[in-house]
Amino acid sequence: MTTKPKVVEKFDVIVLGSGAAGMTAAVVAATEGLDVCLLEKDTQIGGTTAWSGGQVWVPGTRVAREMGHSTDSPEAVRAYLSALVTGSERDPRMAAFLETAPKVVAYLTRHTQVCLRPVPHYPDYYPDCTGATVSGRVLEPESFDASALGSKLKWLRLPLPEFTLFNDMMVAREDVPCFRQP
1435 MTTKPKVVEK FDVIVLGSGA AGMTAAVVAA TEGLDVCLLE KDTQIGGTTA
1485 WSGGQVWVPG TRVAREMGHS TDSPEAVRAY LSALVTGSER DPRMAAFLET
1535 APKVVAYLTR HTQVCLRPVP HYPDYYPDCT GATVSGRVLE PESFDASALG
1585 SKLKWLRLPL PEFTLFNDMM VAREDVPCFR QP
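So the sequence shown is residues 1435 to 1616, counted in the numbering used here.
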């Protein structure tokens, strides 16, 4: 990036990485009035989240329930994670994740221009595990007009080529099959 760095001796929060987790931490801290330093080792922002098209696994969100994915429950998510991660049912981080992750999605919706929606017909990675669902836990950002970013658009890491046209034009995931038709 070619902007002149801001010289500050002290920050309230220093965030490493600009993927979904890092960027969310930075945005929430800044929205709450803290002085934030976001550090990214690459020349573009987005991390591996950009390569995935911005998809995140967040169970139990209000937006999923509003879009008809009402069969999910904290118990089902606990069962799913417990089947995959030994000892997770006793780990306080699982309870914290299950309680906090949906609140983070709601916070982003209220305080930013980020709008996430469930990816239709996108099952959990291990669909045969206890507690797995066929859709509703994987969220993706809704399409937006990237020209609103102005000159900062060049800072964004492009998604994988499979999610672009002509090697640099981003397209919505649901539109990709239309462009692959013979």
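Virtual Cβ for every residue (Gly too), placed ideally from N, Cα, C.
query	result
Closest by C-alpha distance to Q1489, when choosing among A1529, W1589, E1576, G1521	E1576
Given 8 Å, three or more beta-carbon pairs between the region 1444-1452 and the region 1470-1479	yes
Residues sharing a beta bridge with W1485, DSSP	DSSP output for W1485 lists no bridge partner at all.
Buried/exposed call for P1611, threshold 16 Cβ in 10 Å	exposed
Limits of the unbroken alpha helix (DSSP H) element including L1515	1508-1518
Beta-carbon proximity check, T1505 vs T1567, cutoff 8 Å	yes
Where P1575 sits in the DSSP three-state scheme	strand
Exposed unless 16 or more other CB atoms sit within 10 angstroms - verdict on D1562	exposed
Separation of R1524 from E1509, as counted between CA atoms	14 Å
Beta carbon proximity, A1529 to chain B, threshold 8 Å	Among the protein chains of the structure shown there is no chain B, as only one such chain exists.
Beta-bridge partners of C1471, as assigned by DSSP	I1448
Boundaries (first-last residue) of the alpha helix (DSSP H) holding R1524	No alpha helix (DSSP H) contains R1524, which DSSP labels as neither H nor E.
Own chain partners of Y1556 with C-beta closer than 7 Å, once the 5 adjacent residues on each side are dropped	S1569, V1572
Any 3 or more C-beta pairs closer than 8 Å across the region 1574-1589 and the region 1515-1534	no
6 Å CB neighbourhood of G1456 in its chain, flanking five on each side removed	V1449
Terminal residues of the alpha helix (DSSP H) in which R1496 lies	1496-1500
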